[in-house]
Amino acid sequence: MYLPVEPNFPLLDALFFLNTSPRRTMVGLQFTTAAAHDTTDSKLKDFDDDMTKCFNNWGNISRDLSLEIIYVQHAGSAPMRRWQKCAGIERLTSEKDERIAKLWTDAHQYRLTLLYEDVPNFRLIQ
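Residue numbers (our numbering): 31 to 156.
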């Protein structure tokens with residue numbers, strides 16, 4: 031599990047990789063209490079720039095990568111009821127930008143509701 035040290039790391043709060051066939055999968059975790067957690071094209075670009083700094087050969091890795099995003103919400107949060115959008119994604123037209131946009135448009139999104147009782151051995155930070 032990778033936990034970004036940067037406090038405002040774009041798009042995800044944590045991530046991990048699965049070696050699946052035929053493609054490697056990156057699973058991103060986003061913890062939120064909001065009913066929507068949309069993003070923007072600039073955040074996608076910032077995410078790509080930060081991943082380039084963190085991983086050798088990120089451009090090639092991300093080309094053959096599938097993305098799964100899990101939005102983790104506390105049971106008392108306003109539940110997400112729709113797929114999260116990316117505003118301005120149509121502006122990503124260069125070859126590099128198209129790779130970034132494809133990662134988002136091909137991503138699968140899930141919502142996971144957690145009750146404190148589900149994880150009693152973890153300290154709850156409020």
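Yeah, the Cβ is synthetic: ideal placement off N, Cα and C, and Gly gets one too.
It should be emphasised that the depicted structure is a prediction, and the values quoted were computed from it without experimental measurement.
Output needed for residue i: all residues of its chain with C-beta closer than 6 Å, excluding positions within five of it in sequence on either side, in chain order.
i, result
"residue 71", "118, 119, 121, 122"
"residue 81", "88"
"residue 145", "105"
"residue 143", "103, 105"
If you reduce the DSSP assignment to three classes, tell me which class residue i lands in.
i, result
"residue 61", "strand"
"residue 81", "helix"
"residue 70", "strand"
"residue 117", "strand"
"residue 156", "Model confidence at residue 156 stands at a pLDDT of 49, short of 50, so the residue's coordinates are unreliable; what they give is reported in the following sentence. Reduced to three states, the DSSP call for residue 156 is coil."
"residue 42", "coil"
Would you give the residue range spanned by the beta strand (DSSP E) that residue i belongs to?
i, result
"residue 141", "138-144"
What does residue i pair with, by DSSP beta-bridge criteria?
i, result
"residue 56", "47, 97"
"residue 102", "61, 142"
Suppose the cutoff is 7 Å on Cβ atoms and the five residues either side in sequence are ignored; what does the same chain contact list for residue i look like?
i, result
"residue 44", "31, 32, 33, 59"
"residue 85", "91"
Which same chain residues, not among the five before or five after residue i, have their C-beta less than 8 Å away from its C-beta?
i, result
"residue 42", "34, 58, 59, 60, 77, 99"
"residue 54", "47, 48, 91, 94, 95, 96"
"residue 128", "122"
Would you give the residue range spanned by the alpha helix (DSSP H) that residue i belongs to?
i, result
"residue 123", "Neither: residue 123 is in no alpha helix (DSSP H) and is coded neither H nor E."
From the beta carbon of residue i, is the nearest beta carbon of chain D less than 7 Å away?
i, result
"residue 51", "The chain labelled as chain D is not found in the depicted structure, where only one protein chain is given."
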